[in-house]
Amino acid sequence: MEFKITEVRIFKIKQRGALLGYANIVINDCFIIRGIRILENQRTGRFVAMPARRLPGEKREYKDLCHPLNQDVRNLITKEIFNAYDKLDEE
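Going letter by letter, the sequence shown gives residues 725 to 815 in the working numbering.
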């Protein structure tokens with residue numbers, strides 16, 4: 725089965741620190757990932773962070789709920805999200 729992102733929804737927010745907004749993606753018209761964070765900082769520029777939950781304990785540690793298993797898929801997800809994000813600025 726071919727991996728294809730069939731829909732991207734962007735939810736921009738008033739910038740709060742590094743957070744620019746959120747994205748939901750639909751994969752192959754049958755699986756949705758909600759709550760992907762769109763972030764930007766001076767050191768690394770723009771990037772996406774997969775949905776995560778905080779681990780119990782005193783440290784502020786988080787574990788991704790889902791994530792790509794290879795760099796090619798991560799690059800595709802990032803590219804599609806940034807394309808959709810940039811299109812909102814053009815409208």
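All C-beta atoms, glycine included, are put in the ideal place defined by N, C-alpha and C. The model shown is predicted, which means the values in this text are computed figures rather than measured ones.
Tell me, which residues are paired with Ala776 by DSSP?
Ala776 pairs with Asp788.
Roughly how far, in whole angstroms, is the beta-carbon of Lys728 from the beta-carbon of Asn752, given that I think they are within contact range, below 8 Å?
About 6 Å; that satisfies the 8 Å criterion.
What is the residue span of the beta strand (DSSP E) that Arg798 lies within?
Counting along the chain, Arg798 falls outside any beta strand (DSSP E), though it belongs to the alpha helix (DSSP H) covering Gln795 to Glu814.
Report all residues from its chain with a CB closer than 7 Å to the CB of Ala742; omit the five preceding and five following residues, and keep chain order.
Counting only residues of its own chain and dropping the five nearest sequence neighbours on each side, Ala742 has a CB closer than 7 Å to the CB of Leu763, Glu764 and Asn765.
For the beta strand (DSSP E) holding Ala747, just list the boundary residues, first then last.
It spans Leu743 to Ile751 - the beta strand (DSSP E) in which Ala747 sits, taken as one unbroken run.
For Ile734 versus Tyr809, is the C-beta distance shorter than 7 Å?
When the beta-carbon positions are compared, Ile734 and Tyr809 come within less than 7 Å of each other.
8 Å CB neighbourhood of Arg777 in its chain, flanking five on each side removed
Tyr786, Lys787 and Leu789, listed in sequence order.
Return the residue from the list Cys754, Ile756, Arg761 and Glu726 that minimises the CA-CA distance to Gly745.
Ranked by Cα distance from Gly745, the options Cys754, Ile756, Arg761 and Glu726 are led by Arg761.
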